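**Q** Residue numbers (this note's numbering), protein chains in the order written: chain H, 1 to 429; chain U, 1001 to 1292. A virtual CB, placed ideally from N, CA and C, is assigned to each residue, including glycine. All values reported here derive from a predicted model rather than from experimental measurement. Here it is, the structure in full.
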Amino acid sequence: MRASAATPRRWGQPTWRAACGALLSLLVACDDTPLPGRAPLPEVAVLHWYVFDEPSGAFETAAQRCSEGSRGDYRVQLVALPADADQQREQLVRRLAAGDRDIDLIGMDVIWTAEFATAGWILPWQGEAAARARAGRLPAALQSASYAGRLWAAPFTTNTQLLWYRTDRIATPPRTWSELLAEAEPLGPGAIQAQGERYEGLTEFFTSLLASAGGRVLDDGGRRVALPDGPTREALAIMRRLARYPGADPALGSAREDQARLAFETGEPTFMLNYTYVWPSARRNAPQVAAHMGWARWPGVRGHGPSRVTIGGINLGVGAWTRYPQRALRAAACIAAPDNQRLAAARGGLPPTALALYDDPAVRETFPFADLLRETLQDAVQRAQSPLYNDVSLAISRTLHPLDAIEPRRDAERLRATVGRALRSEGLL
Amino acid sequence: MTPTAAEKRFAWLLCAPAVTAMLVVTGWPVAYAIWLSLFRYDLRFPGQRAFVGLDNYLSVFTSEVWWQAFGNTLLLTVVSVGIELVVGLALALLMHRTVFGRRTVRTVILIPYGIITVVAALAWKFAFDPTTGFVNALLGLDQAWLTDRPSALFVIIFTEVWKTAPFMALLLLAGLTLVPEDVLQAARVDGASAWQRLWRITLPLMKPTILVALLFRTLDAFRIFDTVFVQTRGAHGTESVSLVGYHTLVTRLNLGLGSAVSVLIFACVVVIAVLFVKAFGTALQTGVDDAR
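Shown next as structure tokens:
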């Protein structure tokens, strides 16, 4: 080491002064007062729209259209959330609970309404704006955006499950679960693709079965456990049979929507319960499978009429801490307008909430099953509308996984107990 | 020379900034978590905050989720630390005895430890995946590793061992260098086998180092979070206590209940530390006695 470097440096030596100077110039550069001769920035509100990363770019285009149409009132900027709904919620609630003012518009999963509304994280829609957001919309989608008698978001896209089957192997699709299981039995293992993993999809599956058997998870106010004994046991018995009949899929316990889709695209399975996105996917990835792909209503429970399936999709909410509540409301209304719904349907494959669009040629081309979809959505059922939905859902999926271990009598009892605990915010889940 | 009162006061004054910083960054959060754990406090219902005493703890202790996670955590800790000790010792001996390319060997052994846990967990998740991974092809198996409990636990433990055995080896290497060469030479002259020399001389002399290494690793392993989070997210009965705390605090925003879980994890860590420090004291004591 050189001798000079060994002597300690003191404040005021050249390097230190240089560092100070650099810091000062940085601070000066950070000052955002416009330089003389340059016009000040126009007063355009930048609205951040937190929504899942939609791959087709339909949301991006909608945001752009609305920004341009607002003539300098606002500019909507997309902020992508993860694809997984649980992770979307996790990121949002953490920031909303902390009062983050940056969240202006939220692409809300239909199951978040009660939670976000009760916690005061979103603003209610009132008067004229609410009336316009309601006009011509699917009743089930409107119900998913409402809680405690108020509208909390503008219905944007929706979704539900259908029964997909192979037209080259099955002449008339089964209408009930008993028919489905009977037809699948001789077809070998994995003929039916469904969702049996421990996650939200399992709760949806159970809720649809329960509703189809004439029951529901919570009572009207969403405060007490319903789970009537008869329908609950019927639903559980079907789940058990699906996991244990001779041709049961050994991988059911770890199957989500996407595993089911991928399996169906191999051409082996004959039936699949899944959302409508499997249709464009099959046409793209497996045209030979898509050529023989039929659709039918989700199977019902014998003796209870047609099925009732859970509704999905996203509603547009306005964050409670936003700096621009009025502009955010206008932007949300614009994005949720039928024109942008048509775009989201045609380009992104997301079914619209505006009922009239089901007769629109562009939409019918994307969804050749548009009539069936509308019919299913008219009867759709809500997942439990409670601010504690997340806990209730965890309680259900934890109690019912794995499906092959279900004992209907015992587990109906257990389910009532764990859902009750979840509603009282007690215990770990 | 004993310090005068003024010197003592001055010494405390000098320590004061560090002690204050420690209290602020560790003492305060711990105290606040204990305080929060006595409340029913859910961020989704800020208006319903109420003092509930020890109800949250009661709720945790009567929950099967906690006990399953606790059992998993103990299993993961004991098995992975046990394997790490054996593998780490072998690696330490290798590093210690290597004559050629000593630096290269040491660097190669330490690479896994240099990789961030999340990255390592993801890498092994992909490796064990039936469609993207090489493990099934290598072993000629058709196994969905992360879809049932025993095999998922195996993958988690494997990742932990792969990642932290080098750390164990590094600590043990320090202990190995403390074993006097002449004692080993003398034993060799007396006809002791390599195994006897390891078992009777090296290991007893390394006892304090081994205990320190075990203490570090046990404390770390008990708080295991990232590997499980990345590989299974706690599904298929692989949840650890940290993951339970995370779900309660971050997903459910239940600050009261979640704080109770955190406090219990903290208590477990304290118990582990106290046990090890006690054993460490005895080890040092017997070491001194042996030397006499």
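Kindly indicate if chain U contains any beta-carbon less than 8 Å away from that of H/E268.
**A** no
**Q** Looking only at C-alpha atoms, which of H/R71, H/A114, H/F52 and H/L355 sits nearest to H/E454?
**A** In the structure as shown, chain H starts at 1 and stops at 429, and residue 454 of chain H therefore has no counterpart that could be examined.
**Q** Under a CB-based cut-off of 8 Å, is U/V1250 close to chain H?
**A** Against chain H, the CB of U/V1250 has a partner CB under 8 Å away; the residue lies at that interface.
**Q** Would you decide whether U/A1186 is buried or exposed? Buried here means 16 or more other CB atoms lie within 10 Å of its CB.
**A** exposed
**Q** For my contact list, U/R1042 and U/L1255 are in at a C-beta cut-off of 8 Å; report their separation, rounded to the angstrom.
**A** Going by the sequence as given, residue 1042 of chain U is Asp instead of Arg. Correct: roughly 7 Å between the Cβ atoms.
**Q** List the residues of chain H that U/R1044 touches, going by C-beta distances under 7 Å, in chain order.
**A** E115, T118, A119 and P387
**Q** At the 8 Å Cβ level, is U/A1341 part of the contact set with chain H, yes or no?
**A** Residue 1341 of chain U is absent from the structure shown; chain U starts at 1001 and stops at 1292.
**Q** Quick check: is the beta carbon of H/N390 nearer than 8 Å to any beta carbon in chain U?
**A** yes
**Q** DSSP on U/F983, reduced to helix/strand/coil?
**A** Residue numbering for chain U in the displayed model covers 1001 to 1292; residue 983 of chain U lies beyond these limits and cannot be assessed.
**Q** In terms of residues, what are the limits of the beta strand (DSSP E) holding H/T160?
**A** For H/T160, there is no enclosing beta strand (DSSP E), as DSSP marks it with neither H nor E.
**Q** Given that U/L1257 touches chain H, what residues does it touch there, using C-beta distances under 9 Å?
**A** Within 9 Å Cβ-Cβ: S425, E426, G427 and L428.
**Q** Within 8 Å of any Cβ in chain U, is that where the Cβ of H/G253 sits?
**A** yes
**Q** Distance cutoff 8 Å, beta carbons only. Does H/V28 sit that close to anything in chain U?
**A** Any answer about H/V28 is weak, because its pLDDT of 42 lies below 50 and its placement is not dependable; what the coordinates show is given next. Chain U contact via Cβ: absent.
**Q** Comparing alpha-carbon positions, which option in H/A344, H/Y50 and H/I238 lies nearest H/I103?
**A** H/Y50
**Q** Apart from the five residues just before and just after H/L24, which ones in its own chain have a Cβ nearer than 6 Å to its Cβ?
**A** With a pLDDT of 48 at H/L24, under the threshold of 50, the modelled position of this residue cannot be trusted; read the value that follows with caution. Nothing meets the Cβ criterion.
**Q** I want to verify the contact list: residues of chain U whose CB lies under 7 Å from the CB of H/E90, in sequence order.
**A** V1250 and T1251
**Q** DSSP three-state call for H/W321: helix, strand or coil?
**A** DSSP places H/W321 in coil when its eight states are reduced to three.
**Q** Would H/A97 pass as an interface residue toward chain U - the criterion being a Cβ-Cβ separation below 8 Å?
**A** yes
**Q** Using alpha carbons as the reference points, say which of H/A417, H/D100, H/P250 and H/L428 lies closest to H/I225.
**A** Sequence inspection shows Val at residue 225 of chain H; the Ile mentioned does not correspond to that position. Closest by alpha carbon: H/A417.
**Q** Can you list, in chain order, the residues of its chain whose CB lies under 8 Å from that of U/R1197, leaving out five sequence neighbours each side?
**A** Cβ neighbours of U/R1197 beyond the five flanking positions: L1184, A1187 and R1188.
**Q** If I measure Cβ to Cβ from U/A1011 and keep anything under 8 Å in the same chain, skipping five residues before and after, which residues do I get?
**A** P1003
**Q** Please list the residues of the stretch 1138-1163 of chain U that have a C-beta atom closer than 9 Å to any C-beta atom in chain H, keeping them in chain order.
**A** A1144, L1146, T1147 and D1148
**Q** Please state if the CB of H/A97 and the CB of H/W152 are separated by a distance shorter than 8 Å.
**A** no
**Q** Tell me which residues of the stretch 55-78 of chain H have at least one Cβ-Cβ distance to chain U shorter than 9 Å, keeping chain order.
**A** Within the stretch 55-78 of chain H, no residue qualifies.
**Q** Would you tell me roughly how many angstroms separate the C-alpha atoms of U/T1159 and H/R383, rounded to the nearest one?
**A** 38 Å
**Q** Are H/I311 and H/S144 close, meaning C-beta to C-beta below 8 Å?
**A** The answer is yes: Cβ separation under 8 Å.
**Q** Whole angstroms are fine: how far does the CA of H/G99 sit from the CA of H/A129?
**A** Going from the Cα of H/A129 to the Cα of H/G99 covers about 24 Å.
**Q** Using DSSP with H/G/I as helix, E/B as strand and the rest coil, what is U/T1218?
**A** helix
**Q** So which residues of chain H does U/V1235 contact, with C-beta pairs closer than 7 Å?
**A** According to the sequence shown, residue 1235 of chain U is Ala rather than Val. In chain order: R198.
**Q** Can you grab the Cα-Cα spacing for the pair U/P1112 / U/W1199, in whole Å?
**A** 28 Å
**Q** Going by DSSP in three states, U/I1111 sits in which element: helix, strand or coil?
**A** helix
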